[in-house]
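What follows is a single structure, written as structure tokens, with notes after it.
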Amino acid sequence: MAELEELSADPDFWNDMQKSQKTLQQLKALKNKVEHYEGLVTKYEDILTLIEMGIEEEDESIYEEVKEMNDSFLEEYEQLHVATMLDGEYDRNNAIVTLHAGTGGTEACDWTNMLFRMYTKWAAKAGFEVEVLDMLDGDEAGLKSVTIQVNGENAYGYLKSEKGIHRLVRVSPFDSSGRRHTSFASCDVMPEIENDNEIEVKADDIRIDTYRASGAGGQHVNKTSSAIRITHFPTGVVVQCQDERSQFANKERAFKMLKSKLLALKIEEQMQKLAEIRGDVKEIGWGSQIRSYVFMPYTMVKDHRTGEETGNVGAVMDGDIDNFISAYLAWIHS
């Protein structure tokens, strides 16, 4: 932190605006961690003082106050512990999350909508801001796909744990026979790219299409072809954006999404090479779900990578996924 402060005091610091902004963001993040740690130390000392007072005065009423303070301390300690594991190059970036319905028809579209709700609920509890970049409704219910951007410090660091296939087992409300159904949805997570020069996109490698936006937006969406779809031929990546009001703004956002996706592919390629070295490569497919959500015949959410599980399905679907995120971060650092 001292090195960054010294660097920011240099007279030539602002010559490179992009680099200086990144340095200041790193400095701010470090200061927040130090302040958080110092606050925990103070709280710990307060708890010890209160315990000593209770013993000296033989006052049992202090017990409840100590318990309350200790519970709060442990919760903050866990948050700080998780934050120390967010040490990846792009962990502090915003996150772009795309959900796609898999096999299961209307049931899968409904499952995609349920996951969309789960992540927006989690983001709200965590103090993050959510923007819907693109949304495609299901034919009967739910969503075929949705792309959101989660804005806030370390959003990608937390949400990278959610990348993969999510499996639902329940009695379908869309089946009059009341049979049990298994549905799948994929979750793709990528860091929002900050330095546009980091990833190069050649004009000959892409095709840009315009189309009329769908979903929320009133009459405006039906009058102009403001939505943008970009296809990247070398990788087959397709991104689209209809969130902004103008075609220019959607094009700008779509290009940023494309570069973020290409960056995510680059990270994935590096991780794949590491996995090959460790000998734990697994085939990516519908059969390799990262997490199962079982509503029937019993209730359980289980992460197949870490073994983390809970029987409180309702809480998970309301955004209570911190335990799964923490377990994943501990797993990749083990």
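Final position of the sequence shown in the UniProt record's numbering is 334; the numbers increase by one with none missing.
Positions of the beta carbon are idealized from the N, C-alpha and C atoms, including for glycine.
Span of the beta strand (DSSP E), counted from its first residue to its last, around residue i
{"i": "Ala227", "result": "227 to 232"}
{"i": "Met317", "result": "Careful: Met317 lies outside any beta strand (DSSP E), inside the alpha helix (DSSP H) at 313 to 317."}
Reduced DSSP secondary structure (H/G/I, E/B, other) of residue i
{"i": "Gln242", "result": "coil"}
{"i": "residue 378", "result": "The structure shown does not extend to residue 378, since the chain is modelled only from 1 to 334, so the question has no answer here."}
{"i": "Leu48", "result": "helix"}
{"i": "Thr98", "result": "strand"}
{"i": "Met135", "result": "strand"}
{"i": "Val169", "result": "strand"}
{"i": "Met1", "result": "coil"}
{"i": "Val201", "result": "coil"}
{"i": "Thr42", "result": "helix"}
{"i": "Thr23", "result": "helix"}
Counted within 10 angstroms of its Cβ, other Cβ atoms place residue i as buried (16 or more) or exposed
{"i": "Phe248", "result": "exposed"}
{"i": "Arg180", "result": "exposed"}
{"i": "Gly178", "result": "exposed"}
{"i": "Ser289", "result": "With the sequence shown as reference, residue 289 is identified as Gln, and Ser is not the correct amino acid for it. Result: buried."}
{"i": "Asp87", "result": "exposed"}
{"i": "Thr103", "result": "exposed"}
N-terminal and C-terminal residue of the alpha helix (DSSP H) that residue i is part of
{"i": "Arg117", "result": "105 to 126"}
{"i": "His333", "result": "Run containing His333: none; DSSP gives neither H nor E here."}
{"i": "Asp71", "result": "62 to 83"}
{"i": "Leu86", "result": "Unbroken run through Leu86: none, as it is neither H nor E."}
DSSP beta-bridge partners of residue i
{"i": "Glu303", "result": "The residue you asked about is not Glu; residue 303 is Asp in the sequence shown. For Asp303, which the question treats as bridged, DSSP gives the partners Arg291."}
{"i": "Asn151", "result": "Glu129"}
{"i": "Ile208", "result": "Ile230"}
{"i": "Arg180", "result": "Val171"}
{"i": "Gly164", "result": "Cys187"}
Given residue i as reference, the closest of the options once Cα atoms are compared
{"i": "Pro297", "options": "Gly311, Asp303, Asn151, Ile165", "result": "Gly311"}
{"i": "Phe255", "options": "Val201, Met190, Lys302", "result": "Val201"}
{"i": "Arg253", "options": "Glu194, Glu57, Lys125", "result": "Glu194"}
{"i": "Thr84", "options": "Val97, Gly164, Ala29", "result": "Ala29"}
{"i": "Phe73", "options": "Glu60, Gly39, Gly105, Glu129", "result": "Gly39"}
{"i": "Glu107", "options": "Glu89, Arg170, Asp91", "result": "Arg170"}
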